[in-house]
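Chemist: Under the working numbering, the letters of the sequence shown match residues 7 to 90, in that order. Sharing a structure below in structure tokens format, with a few things to ask.
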Amino acid sequence: MARRLAEPRRFIQMITGARQVGKTTLVQQVTAAMGEPVRFVSADEPALRGRDWLLQQWEAARFRVVSWSPSKSRARLGPTPCPA
Numbered sequence: 007m008a009r010r011l012a013e014p015r016r017f018i019q020m021i022t023g024a025r026q027v028g029k030t031t032l033v034q035q036v037t038a039a040m041g042e043p044v045r046f047v048s049a050d051e052p053a054l055r056g057r058d059w060l061l062q063q064w065e066a067a068r069f070r071v072v073s074w075s076p077s078k079s080r081a082r083l084g085p086t087p088c089p090a
């Protein structure tokens, strides 16, 4: 995961798996070591998430990167806790 997040191209990263196997812990550990802005959102609620929700999350992540220190140009769009 750390290698993937270090790639020059920025994509949304989705971590999937069974409950209680350490997905959130993995994401938190890897992103904490990055020292760059990340966005973490959960899509496991019963309500289906549509295209508009995904676009809203992407724009929120882009805003987070733009408002981050301009001296650090390798910001990534990826997993930070987000209120529902």
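Every residue, glycine too, gets a C-beta built ideally from N, C-alpha and C. Predicted model, so just to flag it, every value in this text is computed and none were measured.
Alpha carbon to alpha carbon, how far is residue 48 from residue 31? Give it in angstroms, no decimals.
Modeler: Reading the sequence shown from its first residue, position 25 is the one you call residue 31. Reading the sequence shown from its first residue, position 42 is the one you call residue 48. Cα to Cα, the separation comes out at about 13 Å.
Chemist: Please look up how many angstroms separate the CB atoms of residue 18 and residue 64, rounded, as I've assumed it's under 8 Å.
Modeler: Stepping through the sequence shown from its first residue, residue 18 is reached at position 12. Stepping through the sequence shown from its first residue, residue 64 is reached at position 58. So it is a contact: roughly 7 Å between Cβ atoms.
Chemist: So residue 11 and residue 36 are supposed to be a Cβ contact under 8 Å. How far apart are they, rounded?
Modeler: Position 5 of the sequence shown, counted from the start, is the residue given in the question as residue 11. Position 30 of the sequence shown, counted from the start, is the residue given in the question as residue 36. Residue 11 to residue 36, Cβ: 7 Å. Contact.
Chemist: Taking 8 Å as the cut-off, decide whether the C-beta atoms of residue 1 and residue 24 are in contact.
Modeler: There is no way to answer for residue 1, as the model of the chain reaches only from 7 to 90.
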